[in-house]
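Numbering (this note's numbering), first residue to last: 14 to 436. Since the structure comes first, as structure tokens, the remarks are kept for the end.
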């Protein structure tokens, strides 16, 4: 039997109260298009503690199901990520979670995203035809996710249930739990663990109720652990009824898309609106230019660009259309015959125009594929977020082109003459 969101919120808060969770000046509420969030029930000021969660209510490497640790240790396995161990812990919890009407039911588990939720907008679950249309940073993240998931699942499935005759952990279940951990954890290093021996990616904990706070790219709440547990403190003023936010990190939209399945700003229906209609943009957004630079370089040099010509270069532009200095340097190195400075500058500017044009062409390619394959390949929600991301990139390209026309191409790049003014 399905449960209403109102009843689910009530169940979660009651469960939290039973486990020592304290909410002060905030409540959980359904937020349109954002799931469940936390909103202020009164005016809040910087420094107010709005949420306290005891350590025993969290999920971390120190309190997951003991058999997970024992079996991993007995098998001599040392290269399994904490991320994946927490995923297995979740699978066991899902399997053991009784019905809602029973005393030991855990409503927090019921509130976690379903596999279908992830499939709608998380690129890992896109068909290959759509993944091929993603910006390069998102593709790189998916490749890393695949490596970790495939490696850890192959080992864990052999350790826990070899020849059991029962399918206690399918690949689908593992991937589902893995992405719950990926999108719901907070940074945490248990007391007594050596920070130097635990990778940053493995310093994590699942924190029920705190994981209801949605992402924002500015000030909102700061979260941290003390000896007693987890606390959330607001760092700005909130009005009654205002949703609280947490900055997951200074991530561009390609990272947010690949890791969390969402992007900030620019809804699909706003694609044709003027810039004033495009609100809630991501101040940390960037556009990766490597693929476009490679394509332009191949035409300019008559060969594929070598790894050393691009490796370690920050080939990006920010959300305002500022071009990184490394981009201008790479383009400048493509230009031969530096005996006439003005001519060199003009040729570099033309290469930059070609790079921006390559991004325009990529956007048109995505739109063309959408019109041809939108009803036969992938889901509507997958195409929606893919096209919206490229529409954002198109907007940033337009800004860069405007800056180029005003002689403000670079925020700090190659400066051969006034045509590349960094102001």
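Backbone N, C-alpha and C define an ideal beta-carbon position, used for all residues, glycine too.
Taking its Cβ as the centre, do 16 or more other Cβ atoms sit within 10 Å of residue i, making it buried, or is it exposed?
{"i": "residue 30", "result": "exposed"}
{"i": "residue 150", "result": "buried"}
{"i": "residue 388", "result": "exposed"}
{"i": "residue 124", "result": "buried"}
{"i": "residue 111", "result": "exposed"}
{"i": "residue 108", "result": "exposed"}
{"i": "residue 272", "result": "buried"}
{"i": "residue 299", "result": "buried"}
{"i": "residue 360", "result": "buried"}
{"i": "residue 391", "result": "buried"}
{"i": "residue 335", "result": "buried"}
{"i": "residue 266", "result": "buried"}
{"i": "residue 268", "result": "buried"}
{"i": "residue 264", "result": "buried"}
{"i": "residue 141", "result": "exposed"}
{"i": "residue 375", "result": "buried"}
{"i": "residue 37", "result": "exposed"}
{"i": "residue 207", "result": "exposed"}
Specify the secondary structure class of residue i as computed by DSSP and reduced to three states.
{"i": "residue 182", "result": "coil"}
{"i": "residue 299", "result": "strand"}
{"i": "residue 256", "result": "strand"}
{"i": "residue 42", "result": "strand"}
{"i": "residue 221", "result": "coil"}
{"i": "residue 382", "result": "helix"}
{"i": "residue 251", "result": "strand"}
{"i": "residue 78", "result": "coil"}
{"i": "residue 176", "result": "Per-residue confidence for residue 176 stands at a pLDDT of 46, beneath the threshold of 50, marking its modelled position as unreliable; no derived number is given."}
{"i": "residue 406", "result": "helix"}
{"i": "residue 211", "result": "coil"}
{"i": "residue 243", "result": "strand"}
{"i": "residue 234", "result": "strand"}
{"i": "residue 281", "result": "Confidence is the limiting factor: at residue 281 the pLDDT is only 41, short of 50, which leaves the residue's position unreliable and the question unanswerable from this model."}
{"i": "residue 463", "result": "For the chain, the structure presents residues 14 to 436; residue 463 sits outside this window and is missing."}
{"i": "residue 416", "result": "helix"}
{"i": "residue 72", "result": "strand"}
{"i": "residue 391", "result": "coil"}
{"i": "residue 49", "result": "strand"}
{"i": "residue 163", "result": "helix"}
{"i": "residue 368", "result": "helix"}
{"i": "residue 195", "result": "helix"}
{"i": "residue 147", "result": "coil"}
{"i": "residue 314", "result": "helix"}
{"i": "residue 399", "result": "helix"}
Between which two residues does the beta strand (DSSP E) harbouring residue i extend?
{"i": "residue 340", "result": "Looking at the DSSP string, residue 340 is not in any beta strand (DSSP E); the run it does join, the alpha helix (DSSP H), is 338-347."}
{"i": "residue 65", "result": "62-67"}
{"i": "residue 131", "result": "Premise fails: residue 131 lies in the alpha helix (DSSP H), 128-134, not in any beta strand (DSSP E)."}
{"i": "residue 107", "result": "Careful: residue 107 lies outside any beta strand (DSSP E), inside the alpha helix (DSSP H) at 95-109."}
For the putative contact between residue i and residue j, defined by C-beta atoms under 8 angstroms, what is the C-beta separation to the nearest angstrom?
{"i": "residue 52", "j": "residue 42", "result": "5 angstroms"}
{"i": "residue 402", "j": "residue 276", "result": "6 angstroms"}
{"i": "residue 219", "j": "residue 198", "result": "6 angstroms"}
{"i": "residue 103", "j": "residue 399", "result": "About 28 angstroms; that fails the 8 angstroms criterion."}
{"i": "residue 371", "j": "residue 305", "result": "4 angstroms"}
{"i": "residue 57", "j": "residue 251", "result": "4 angstroms"}
{"i": "residue 39", "j": "residue 64", "result": "7 angstroms"}
Could you give the first and the last residue of the continuous alpha helix (DSSP H) run that contains residue i?
{"i": "residue 22", "result": "18-31"}
{"i": "residue 320", "result": "320-323"}
{"i": "residue 123", "result": "120-124"}
{"i": "residue 56", "result": "Note, residue 56: premise wrong, no alpha helix (DSSP H); not H, not E."}
{"i": "residue 266", "result": "266-273"}
State yes or no: is the beta carbon of residue i nearer than 9 angstroms to at least one beta carbon in chain D?
{"i": "residue 275", "result": "This model lacks chain D altogether, as it is built from one protein chain only."}
May I ask you to check if the CB of residue i is nearer than 8 angstroms to at least one heavy atom of the ligand SAM?
{"i": "residue 198", "result": "In the structure shown, the ligand SAM is absent, as is every other ligand, since no ligand is present at all."}
Handout entry: Validate contact between the region 312-324 and the region 233-250 using beta carbons, cut 8 angstroms, 3 pairs
Key = Segments in contact, no.
Practice task
Pair every Cβ in the region 121-138 with every Cβ in the region 198-210, then say whether three or more of these pairs are closer than 8 angstroms.
Solution key: Output reads no: the region 198-210 does not touch the region 121-138.
Handout entry: Touching by the beta-carbon criterion (3+ pairs, under 8 angstroms), the region 358-376 and the region 341-348
Key = Three or more pairs of CB atoms, one per stretch, sit closer than 8 angstroms, so the region 358-376 contacts the region 341-348.
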